[in-house]
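Numbering (the UniProt record's numbering), first residue to last: 1 to 640.
Even for Gly, the Cβ is constructed at its ideal location relative to N, Cα and C.
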């Protein structure tokens, strides 16, 4: 775990702890509802939910120990966060409460309100106060309106929660507070949209409101809360026993990433990393013209993302560009790419954007941008019935005289300049005639919304597109390696994914390994394959989020490499439009293969999955040098 790795700079360890807290919140919003439903429906699965809850408890205990250790180390460096300790005598605390906090509070007494009149907002923070003469009060902790932490002039940092605790006698005047305990209610985040009727944009906006009213999936409470008070709150808010989860004194610890640091110490952070410039591109006046002559493959964040922005900026101003097509799944809140598209539309170009309104937790941002783009004259495509568009593709069409140029852009990650700073992805810019024609066919399909089953032929030969040829082609490639192995020829597969879960693909990999194919998998998150003879599974967690999807097949030495947006999950392969694209250029194929080899050699941050699905640190052989994949890839890319 990166948070316990002493080689990781101290404040970066705090950030990893905040990521864990954020991921756990998402788990309870997205995954736990299905587990709770399964628990109620199938007695045979009644052991699953307790096992999951036990594992969560184990991880939370580890989280607490690691956080205490990290905070102690920060204190040695002159950064003192008061974590469950008495507040210092500092007039600034009272002044802050009276002038800033007090006016944002809505205290209520449970005895004076019916349960249906008191709604706990999703993932909002509250304090429950028990009174000496009986009774219970609840007050919001306004962390959605104020910073979670207060930095004191006299030194030290305190939680907003504790500022409120210290002044509950002013919040509930005339009541002697016996104890105060934090709580948080997490609600089901799943939303269903009937896409066959009504206006989808309005439906998504309506569903976003309903999401915040979803059924409870976790009632998180301070573990120090008396059992009687726990039971009373569960009864009052109608919380089932399996939804009650004990936590620590503070919740919402993803906000630890916002901890103010009074000490400016560069050693607390990763060293600054400057993405490499691509000198040949810097020397070219027009990126689009360069791509017409040769493919361009970028490895971000190791290489600068500005070239992607340049692709859209040039398209917006080039007088010969007549049409621009792009899919948007998760865009930056201040997206330069969308601003370029708006400029293109105002410059008289025909701009068509497929905006996926059902990108979980990005729906509101996507709705906002969709409205702005539509106002600028951009043609907005909202969704295909029963499918999410998860592909990351764009196409620029230029007309010169009687001929058209097509310049395509295909990526493994979102067109998002914010996440591009810390997500590892690959982006291909190409004018390959057949690939760009197929890209245009894909956009035509997305405009018609005709179900794939209506097609009498598969229009894709180079691109692999989910719902058309993606699964069949990958199954063919796996089977070909298996045939080579059975014939006594070398056979190898290397696949890098975020998630591996789709049963048919897993069965194909098992069969290939049994035939003698050597299979290396790099799977960052969900992995439902069990390592065995011929199948090795590793994952890498480091400074950057490993996000690329890469598929390598030896093919008797005539290597084939694909990259793209598709994980091997049910949702990606059966309920989404995904695009994987081949890497034909030999130099770029070599680069991708070299990057995979570096990741397979990592012996510092990589973990290997054993047959019991335990994460074991990758072993370093005697005399073998340390290999940190991300540092090595950064050096490799800078030397290209």
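How far does the beta strand (DSSP E) with residue 615 in it reach, from first residue to last?
-> Your numbering for residue 615 matches position 615 in the chain shown. Here the beta strand (DSSP E) through residue 615 covers 615 to 617.
Mind listing, in chain order, the continuous alpha helix (DSSP H) runs of no fewer than 4 residues lying wholly within the region 84 to 162?
-> 91 to 96
Three-state secondary structure (DSSP) at residue 194?
-> Indexing the chain shown from 1 puts residue 194 at position 194. Legend: pLDDT at residue 194 = 44, less than 50; position of this residue unreliable, value from coordinates given subsequently. If DSSP states are grouped into helix, strand and coil, residue 194 belongs with coil.
Cut-off 6 Å between Cβ atoms - residues of its own chain near residue 197, not counting five sequence neighbours on either side = The residue given as residue 197 occupies position 197 in the chain shown. No answer about residue 197 holds up, because its pLDDT of 40 lies below 50 and its placement is not dependable.
Step through the CB atoms of chain D and report whether any lies within less than 9 Å of the CB of residue 246.
-> Among the chains in the structure shown there is no chain D, since it carries only a single protein chain.
For residue 245, the first and last residue of its enclosing beta strand (DSSP E) = The residue labelled residue 245 in the question sits at position 245 within the chain shown. Start and end: 244 to 247.
Bridge partners of residue 312, per DSSP?
-> For the purposes of this step, residue 312 is taken as the residue at position 312 of the chain shown. DSSP lists no partner for residue 312.
Span of the alpha helix (DSSP H) around residue 236 = Residue 236 sits at position 236 when you count from the first residue of the chain shown. Unbroken alpha helix (DSSP H) run through residue 236: 227 to 237.
Cβ of residue 384 within 9 Å of Cβ of residue 446?
-> Counting from one through the chain shown, the residue named residue 384 turns up at place 384. Counting from one through the chain shown, the residue named residue 446 turns up at place 446. In this structure, residue 446 lies closer than 9 Å to residue 384 by Cβ.
Residue 106 classed as buried or exposed, judged by whether at least 16 other C-beta atoms fall within 10 angstroms | Along the chain shown, one-based indexing puts residue 106 at 106. Exposed is the call here.
Just curious, the alpha helix (DSSP H) that residue 574 is in, first and last residue?
-> One-based indexing of the chain shown puts residue 574 at position 574. That run of the alpha helix (DSSP H) goes 570 to 574.
Just how far apart, CA to CA, sit residue 517 and residue 476?
-> Here residue 517 is taken as the residue at index 517 of the chain shown, counted from 1. Here residue 476 is taken as the residue at index 476 of the chain shown, counted from 1. Straight-line Cα distance between these residues: approximately 14 Å.
For residue 475, which residues does DSSP report across the bridge?
-> The sequence position of residue 475 within the chain shown is 475, counting from 1. According to DSSP, residue 475 bridges with nothing at all.
Under the rule that 16 or more other beta-carbon atoms within 10 Å means buried, what is residue 119, buried or exposed?
-> The residue you call residue 119 lines up with position 119 of the chain shown. Classification of residue 119: exposed, given that the 10 Å Cβ count is below 16.
Is residue 342 closer than 9 Å to residue 415 when the C-beta atoms are compared?
-> Start at 1 with the first residue of the chain shown, and residue 415 comes out as number 415. Start at 1 with the first residue of the chain shown, and residue 342 comes out as number 342. Their beta carbons are not under 9 Å apart, which means residue 415 does not touch residue 342 by this criterion.
For residue 546, three-class secondary structure by DSSP | Numbered from its first residue, the chain shown carries residue 546 at position 546. Of the three classes helix, strand and coil, the one that applies to residue 546 here is strand, per DSSP.
Rounded separation between residue 26 and residue 245 - CA only = As a first step, residue 26 is located in the chain shown; it is residue number 26 there, counting from the start. As a first step, residue 245 is located in the chain shown; it is residue number 245 there, counting from the start. Straight-line Cα distance between these residues: approximately 15 Å.
Measure the beta-carbon distance from residue 2 to residue 16 and round it to whole angstroms, keeping in mind my assumption that it falls under 8 Å.
-> One-based indexing of the chain shown puts residue 2 at position 2. One-based indexing of the chain shown puts residue 16 at position 16. So it is a contact: roughly 4 Å between Cβ atoms.
Where does residue 466 fall in DSSP's three states?
-> Along the chain shown, one-based indexing puts residue 466 at 466. In the structure shown, residue 466 sits in coil (DSSP, three-state: anything other than H, G, I, E or B).
Go to residue 387, then tell me how far its alpha helix (DSSP H) extends in each direction, as first and last residue.
-> Along the chain shown, read from residue 1 onward, the residue named residue 387 stands at position 387. Where residue 387 is concerned, there is no enclosing alpha helix (DSSP H), given that its DSSP letter is neither H nor E.
Under a three-way DSSP split, which group does residue 519 fall into?
-> Here residue 519 corresponds to residue number 519 of the chain shown, with the count starting at 1. Residue 519: strand per DSSP, three-state reduction.
Return the residue from the list 264, 254, 169 that minimises the CA-CA distance to residue 23.
-> Taking the chain shown and counting its residues from 1, the one referred to as residue 23 is at position 23. Of the candidates 264, 254, 169, the one whose C-alpha sits nearest the C-alpha of residue 23 is 254.
DSSP on residue 185, reduced to helix/strand/coil?
-> For the purposes of this step, residue 185 is identified with residue 185 of the chain shown, where counting begins at 1. Residue state, collapsed to three classes: strand.
Please name the residue, chosen from 503, 78, 394, that lies closest to residue 528 on a Cα-to-Cα basis.
-> Position 528 of the chain shown, counted from the start, is the residue given in the question as residue 528. For the residues 503, 78, 394, the minimum Cα distance to residue 528 belongs to 503.
Is it the case that the Cβ atoms of residue 281 and residue 321 are separated by a distance below 9 Å?
-> As a working note, residue 281 is residue 281 in the chain shown. As a working note, residue 321 is residue 321 in the chain shown. In this structure, residue 321 does not lie closer than 9 Å to residue 281 by Cβ.
Alpha carbon to alpha carbon, what distance is there between residue 482 and residue 509?
-> Translated into the one-based positions of the chain shown, residue 509 becomes position 509. Translated into the one-based positions of the chain shown, residue 482 becomes position 482. Rounded to whole angstroms, residue 509 to residue 482 spans 9 Å at the Cα level.
Paired residues, beta bridge with residue 528 - DSSP | Locating residue 528 in the chain shown gives position 528, where the first residue counts as 1. Per DSSP, none; premise fails for residue 528.
Please work out which residues of its chain come closer than 6 Å, Cβ to Cβ, to residue 213, disregarding the five sequence neighbours upstream and downstream, and give them in chain order.
-> For this step, residue 213 is matched to residue 213 along the chain shown. A caution first: residue 213 carries a pLDDT of 48, below 50, which makes its placement in the model too unreliable to give a value.
Residues near residue 603 in its chain [Cβ-Cβ closer than 6 Å; skip 5 each side] | The sequence position of residue 603 within the chain shown is 603, counting from 1. 618, 620, 627, listed in sequence order.
Rounded Cβ spacing between residue 149 and residue 159 (contact assumed at less than 8 Å) | Position 149 of the chain shown, counted from the start, is the residue given in the question as residue 149. Position 159 of the chain shown, counted from the start, is the residue given in the question as residue 159. Confirmed, Cβ separation roughly 6 Å.
Kindly list the residues whose CB is nearer than 6 Å to the CB of residue 499, restricted to its own chain and excluding five residues on each side of it in sequence; keep chain order.
-> Against the chain shown, residue 499 aligns to sequence position 499. Answer for residue 499: 525, 526, 567, 569, listed in chain order.
Nearest to residue 642 (by Cα), restricted to the options 48, 156, 98 | With the chain covering 1 to 640 only, the question about residue 642 has no answer from this structure.
May I have the straight-line CA-CA distance separating residue 333 from residue 596, to the nearest angstrom?
-> Indexing the chain shown from 1 puts residue 333 at position 333. Indexing the chain shown from 1 puts residue 596 at position 596. Cα to Cα, residue 333 sits roughly 32 Å from residue 596.
Buried or exposed: where does residue 403 fall if 16 or more other Cβ atoms within 10 Å of its Cβ makes it buried?
-> Here the question's residue 403 lines up with position 403 in the chain shown. The residue in question, residue 403, is exposed, as its Cβ has fewer than 16 Cβ neighbours within 10 Å.
Per DSSP, residue 424 is paired with what?
-> Here residue 424 is taken as the residue at index 424 of the chain shown, counted from 1. Its beta-bridge partners are 546.
Simplified DSSP state of residue 9, which is helix, strand or coil | As a first step, residue 9 is located in the chain shown; it is residue number 9 there, counting from the start. Coil, per DSSP.
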